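A short worksheet on the structure shown next.
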Amino acid sequence: MAAASIGQVHRGVLHGGEVVAVKVQRPSVYRQVRLDLEVLRSLARLAQRHYASYDPLGLVEEFARTILDELDYTKERRNLERYAQNLANTEGYACPGFTHKPLAARCSRWSTSRECGWMTWAGFRDTAWTPPN
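So the number in this note's numbering is just where the residue sits in the sequence shown, counting from 1, plus 520.
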């Protein structure tokens with residue numbers, strides 16, 4: 521259904537037949553990001569000697585916190601749940617809900633920080649999503 525730099529979204533079906541969107545992190549992306557961050561830290565340490573007032577190492581550490589948060593799907597789930605709760609009584613807005621039911625395929629549990637998760641969408645379609653009335 522969709523792909524991005526760190527993950528993919530697939531159409532899934534629960535054991536009861538409910539159609540869901542399944543978000544899966546690309547294989548080895550977490551390991552690759554960690555390696556890239558180590559390279560950035562090494563470069564930042566070198567730059568720190570000449571440009572200390574810009575705090576290159578601090579910039580890399582802030583970037584590292586941000587990108588590692590992006591890789592943590594449990595945080596994404598909590599943020600979406602909070603978002604849905606905040607918009608619960610707001611007309612014209614909808615937010616996906618999460619289910620903890622096992623998929624009919626390989627994922628047999630709810631998401632960990634990197635593995636897999638799924639969400640139900642009111643009005644889910646294979647090619648488009650339309651908000652509920």
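For every residue, glycine included, the Cβ atom is placed at its ideal position computed from N, Cα and C. Everything numeric in this text was worked out from a predicted model, so none of it was measured.
- Query: Taking C-beta to C-beta, are P576 and A584 nearer than 9 Å?
  - Reply: Counting from 1 along the sequence shown, the entry for residue 576 is found at position 56. Counting from 1 along the sequence shown, the entry for residue 584 is found at position 64. No; because the gap between Cβ atoms is not below 9 Å, this pair is not in contact.
- Query: For T610 and chain B, any beta-carbon pair shorter than 9 Å?
  - Reply: No chain B is present in this structure, which holds just one protein chain.
- Item | Under the three-state DSSP convention, the category G578 falls into | Counting from 1 along the sequence shown, the entry for residue 578 is found at position 58. Correct three-state label for G578: helix.
- Buried or exposed: which applies to P616, given that a residue is buried once 16 or more other Cβ atoms fall within 10 Å of its Cβ? Mapped onto the sequence shown, residue 616 falls at position 96. Result: buried.
- Item | Alpha-carbon spacing of D646 relative to T594, whole angstroms | Numbered from its first residue, the sequence shown carries residue 646 at position 126. Numbered from its first residue, the sequence shown carries residue 594 at position 74. In this prediction, D646 scores a pLDDT of 40, lower than 50, which makes its location untrustworthy; the coordinate-derived value is nonetheless stated afterwards. Using only the alpha carbons, I get a separation of about 25 Å.
- Task: Check whether the Cβ atoms of G532 and Q545 sit closer than 9 Å, and answer yes or no.
- Result: On the sequence shown, position 12 is the one that residue 532 refers to. On the sequence shown, position 25 is the one that residue 545 refers to. Not in contact: G532 and Q545 (Cβ atoms no closer than 9 Å).
- Message: Short of 8 Å in beta carbon distance, which residues of its chain neighbour I587, apart from the five on each side in sequence? Order them along the chain.
- Response: Walking along the sequence shown from the start, residue 587 turns up at place 67. Answer for I587: V553 and L557, listed in chain order.
- On the three-state DSSP scale, how would you describe L607? Taking the sequence shown and counting its residues from 1, one reaches residue 607 at position 87. Coil, per DSSP.
- Who are R531's beta bridge partners in DSSP? Position 11 of the sequence shown, counted from the start, is the residue given in the question as residue 531. Per DSSP, A541.
- Message: In the DSSP output, what is F583 paired with across the bridge?
- Response: For this step, residue 583 is matched to residue 63 along the sequence shown. According to DSSP, which records beta bridges pairwise, F583 is partnered with nothing at all.
- Opposing strand residues paired with G536 [DSSP bridges]: Within the sequence shown, the letter at position 16 stands for residue 536. Partner(s): none; G536 has no beta bridge.
- Message: Checking 9 Å against the spacing of the C-beta atoms, do R551 and E581 come in under that value?
- Response: Walking along the sequence shown from the start, residue 551 turns up at place 31. Walking along the sequence shown from the start, residue 581 turns up at place 61. Contact: no.
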